[in-house]
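Note that the sequence shown covers residues 1 to 147 in the UniProt record's numbering.
Virtual Cβ for every residue (Gly too), placed ideally from N, Cα, C.
Values in this document were obtained by computation on a predicted structure and should not be read as measured data.
Below: one structure, written as structure tokens.
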Amino acid sequence: MTVSYVQTSGIPGMTEGVFPAACPSRTVLDHVTSKWGVLVLLTLSRAPHRWGELRRGIEGISEKMLAQTLRTLERDGFVLREVRAVIPPRVDYSLTARGRELSDHLLPLMAWIDGNAADILAPQEPQTAQAAQSAQTAQTAQAPQPA
1 MTVSYVQTSG IPGMTEGVFP AACPSRTVLD HVTSKWGVLV LLTLSRAPHR WGELRRGIEG
61 ISEKMLAQTL RTLERDGFVL REVRAVIPPR VDYSLTARGR ELSDHLLPLM AWIDGNAADI
121 LAPQEPQTAQ AAQSAQTAQT AQAPQPA
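Rendered as structure tokens:
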């Protein structure tokens, strides 16, 4: 299986037909950069976790999405699922060598996002506040008036 893009300049990432739909790299990119995929990988980059620890540690993820994300990342070779034959049964999730290599690239990106998120979102706050106020006003106007 080969990556199906052609580099057209000496600048990494500058390509013609960047990751066409049929490119295997596009599939991996979708799995790795999904909302939950990134959060699972970052959580596991700190230490192995059990299911419940992941569920509690990744705020907002549903059981269905956690299961789906873990299966996908395991199938792609980023996450290792270890079943321990104890009572009660124990399942631990950890990063594989490939997963650790990937997290080494994700961590600087997440540090950059963390350091810049406030500045990026600040211009959006007035619009967000105005939209929320408009929605509140519309909801109040539609509410039935007491008799």
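Coil, strand or helix - residue i by DSSP
i           : result
residue 82  : strand
residue 33  : coil
residue 20  : coil
residue 47  : coil
residue 113 : helix
residue 99  : helix
residue 87  : coil
Residue i: first and last residue of the uninterrupted beta strand (DSSP E) it sits in
i          : result
residue 92 : 90-95
Cα-Cα separation, residue i to residue j
i           : j           : result
residue 124 : residue 117 : 11 angstroms
residue 102 : residue 90  : 26 angstroms
residue 20  : residue 27  : 10 angstroms
residue 51  : residue 93  : 7 angstroms
residue 69  : residue 39  : 10 angstroms
residue 24  : residue 99  : 18 angstroms
residue 108 : residue 43  : 14 angstroms
residue 37  : residue 126 : 31 angstroms
Selection from the options that minimises the alpha carbon distance to residue i
i          : options          : result
residue 41 : 104, 86, 60      : 104
residue 32 : 85, 75, 81, 48   : 75
residue 35 : 95, 59, 115      : 59
residue 73 : 30, 126, 63, 120 : 30
residue 47 : 85, 88, 96       : 96
First through last residue of the alpha helix (DSSP H) which encompasses residue i
i          : result
residue 63 : 63-75
residue 53 : 51-57
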